[in-house]
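Residue 860 in my numbering is what sits at position 308 of the sequence shown, and the numbering runs on without skipping anything. Every residue gets a Cβ at the ideal spot worked out from N, C-alpha and C, and that includes glycine. Here's the structure, in structure tokens; my notes come after.
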Amino acid sequence: MAVNRKLRMGMVGGGPGAFIGDVHRKAVGLDGQIKLVAGAFDIDPKKSKKMGRELFLNPKRVYGTYKEMIKGELALPEDERIDFVTVTTPNNWHFPIARDFLEAGFHIMCEKPMTFDVKEAKALQKLVKKSRKVFGLMHNYTGYPMVKLARDMVKAGDIGKIRKIVVRYPQGWLATALERTGQQQASWRTDPKQSGAAGCIGDIGTHAENLAEYISGLKITHICADTTIFVKGRKLDDDGNCLLKFNNGAKGILHTSQISVGEENNLGIWIYGEKKSLEWYQEHPNYLYVKEADGPVQKWSRGNNYVAAKSKAAARATRLPSGHPEAFFEAFANNYYNFTETIRAKLNRKKPDKLALDFPNVDDGLRGMLFIETVVASAKSNQKWTKMKS
Ligand code: NAD
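What follows is the structure, encoded as structure tokens:
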């Protein structure tokens with residue numbers, strides 16, 4: 553029988569006061585494709601229950617731990633249990649949770665960076681391929697229509713061969729020792745046991761790396777990195793500057809920072825081709841700028857017919873007419889839309905539409921972890937230029 557229904561979602565992480573779990577919950581509501589039915593929301597079982605009450609969930613399906621959640625869901629009839637789980641815990645938990653849910657037969661949406669280290673990322677990649685389950689990774693910036701438009705312009709050859717990519721992601725919120733005040737998000741991000749081998753480079757550098765590879769279709773091959781811990785007593789980098797080499801000979805600069813005072817989420821990217829260049833800003837995501845040598849700058853605006861004519865993926869990722877801004881929540885929802893269509897195709901034993909496969913996956917997650925590993929190795933080495941393994 554065809555599966556024609558909302559998909560049932562479970563969540564791990566996203567307890568009271570958590571940041572990104574709540575964004576996921578709001579984003580999945582946008583398209584009516586998903587219903588949150590279960591969760592193990594917090595490292596503290598009491599807080600998990602509290603979250604469940606606030607969300608009006610069936611108390612029987614609000615669990616104290618993720619292991620109890622797997623057991624509880626497997627005990628339910630198949631037509632009641634969750635289809636997939638979203639992992640929104642700190643980084644150190646991503647692998648064990650994703651592994652255990654995959655092994656129990658569930659699809660996964662996981663936050664970035666995918667795992668704690670490369671070893672776990674490789675193990676997870678193997679597991680995903682073996683399980684034949686759908687694995688999505690929430691690199692939300694690739695969910696923006698104008699990013700998809702940029703990717704499709706590059707693919708169509710509009711800007712010519714890419715020569716240079718500049719990508720930046722500065723923030724300022726960790727310019728002081730915020731972690732020492734007990735602030736939740738700062739505390740685990742600056743702790744190597746929970747965050748991993750890198751701080752800022754892992755937290756937001758991976759978004760910049762993913763965005764550059766997604767739009768350009770290129771792969772980073774070598775990195776020359778300089779990372780710094782500016783805030784005294786901190787154990788992980790809070791600023792990083794990288795030179796990049798790509799697999800077509802293009803060169804790049806990636807800079808990322810959490811001590812750039814006054815910056816909010818100033819992610820931006822410039823792709824320079826032999827014929828034209830592209831420019832996009834996360835804080836003004838509804839526009840893509842196209843530049844050429846002897847002509848005015850073009851400002852492409854989301855929601856217009858000329859965008860849809862150029863990029864089916866951008867059109868599919870657009871809900872509102874031009875001039876009504878779409879942003880962060882919608883980008884998450886776009887990844888979920890494609891992810892759930894892919895799951896539904898699987899449940900119906902059909903091949904998913906090619907456009908539905910346009911969401912970051914386990915291979916992108918491994919790239920992110922290799923990026924972190926390479927930056928950390930390069931920053932430590934005297935030789936500096938370091939090959940990014942595949
Ligand atoms: P947070 O500290 O705000 O929330 C983490 C939540 O996970 C808390 O409720 C905590 O109690 C819970 N938790 C921890 N261990 C758990 C466990 N074993 N079982 C159940 N719950 C557990 O952190 P955050 O800022 O929301 O970040 C969470 C993850 O999301 C991180 O991996 C981070 O890198 C990622 N993130 C991604 C984006 C993005 O733009 N895609 C933005 C922010 C955070």
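- Runs of the alpha helix (DSSP H) spanning 4 or more residues and lying entirely within the region 637 to 667 occur at 643 to 655, in chain order.
- Judged by pairs of C-beta atoms under 8 Å, the region 864 to 871 does not touch the region 609 to 626, as fewer than three such pairs exist.
- Straight-line measurement puts the Cα of Lys898 at about 15 Å from the Cα of Ile634.
- Per the DSSP secondary-structure output, Met690 pairs with nothing in a beta bridge.
- Taking every protein chain shown into account, the CB of Ala590 has 16 or more other CB atoms within 10 angstroms, so this residue is buried.
- Selection Thr779, Lys939, Val718 evaluated against Tyr833 yields Val718 as nearest (Cα-Cα).
- Secondary structure of Asp789 (DSSP, three-state): coil.
- Annotation note: the region 795 to 869 contains the following uninterrupted alpha helix (DSSP H) runs of length 4 or greater, listed N- to C-terminal: 857 to 862, 864 to 868.
- Straight-line measurement puts the Cα of Ser933 at about 36 Å from the Cα of Asp652.
- Linking Lys939 to Arg720 through their CA atoms gives a straight-line distance of about 21 Å.
- Taking C-alpha positions only, Leu909 is separated from Gly917 by approximately 15 Å.
- Taking Val555 as the centre and dropping the five residues before and after it, the same chain places the C-beta of Arg896, Leu899, Asn900 closer than 7 Å to its C-beta, in chain order.
- It is roughly 6 Å from the alpha-carbon of Asp791 to the alpha-carbon of Thr808.
- With a 10 Å radius around the Cβ and a threshold of 16 neighbouring Cβ atoms, Asn838 comes out buried.
- The alpha-carbon separation between Glu663 and Lys941 amounts to approximately 22 Å.
- If you check the C-beta of Lys936 against the ligand NAD, you find no heavy atom less than 7 Å away.
- DSSP places Ile767 in the uninterrupted alpha helix (DSSP H) bounded by 758 to 768.
- Between the alpha carbons of Gly754 and Ile781 lies a distance of about 14 Å.
- Between Ala749 and Arg741, the alpha-carbon positions lie close to 11 Å from each other.
- Note on geometry: alpha-carbon atoms of Asn817 and Gly920 lie some 19 Å from one another.
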